[in-house]
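Residue numbers (the UniProt record's numbering): 1 to 110.
Heads up: the structure comes next, in structure tokens.
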């Protein structure tokens with residue numbers, strides 16, 4: 001009977017260790033994503049300010065419209081690239097958070 005109780009305790013401890021490893025990987029990944037989003041936001045604001053200054057200082061309406069069109073194009077391309085990068089980061093977080101469970105399940109299958 002004691003052996004059964006010890007096995008249950010070990011299983012509970014192992015499950016808690018796996019959950020903590022998974023949570024650690026998830027937390028680390030979310031921090032990286034948050035830092036990436038903050039950096040992108042900061043850069044986006046700086047780029048927006050520079051574009052506004054360029055448009056305001058334009059000598060003609062044509063030059064202002066050209067500056068705005070250039071800014072819109074670059075902003076869109078940057079946003080799409082950033083969205084792709086963030087999506088890849090989320091996928092990596094999911095894989096890293098699942099990995100401890102994957103190892104546990106492979107051991108259980110044996």
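Using N, Cα and C, we set each Cβ at its ideal position, and we do this for glycine too.
Just so you know, these numbers come straight off a predicted model, no measurement behind them.
My output table needs one value for residue i: the three-state DSSP class, helix, strand or coil.
i	result
residue 58	coil
In whole angstroms, give me the CA-to-CA distance for residue i and residue j.
i	j	result
residue 54	residue 77	19 angstroms
residue 64	residue 80	24 angstroms
residue 45	residue 69	17 angstroms
residue 102	residue 89	19 angstroms
residue 95	residue 22	10 angstroms
residue 49	residue 35	21 angstroms
residue 106	residue 99	11 angstroms
residue 57	residue 66	12 angstroms
residue 6	residue 17	16 angstroms
residue 75	residue 20	39 angstroms
residue 84	residue 4	50 angstroms
residue 11	residue 37	39 angstroms
residue 43	residue 32	17 angstroms
Could you check how far apart the C-beta atoms of residue i and residue j are, in whole angstroms? I think they sit under 8 angstroms.
i	j	result
residue 93	residue 24	Contact doesn't hold; Cβ gap of about 11 angstroms is too wide.
residue 115	residue 40	Outside the displayed span of the chain (1 to 110) sits residue 115, for which this structure offers no information.
residue 91	residue 26	Rounded, the Cβ-Cβ distance is 13 angstroms, inconsistent with contact.
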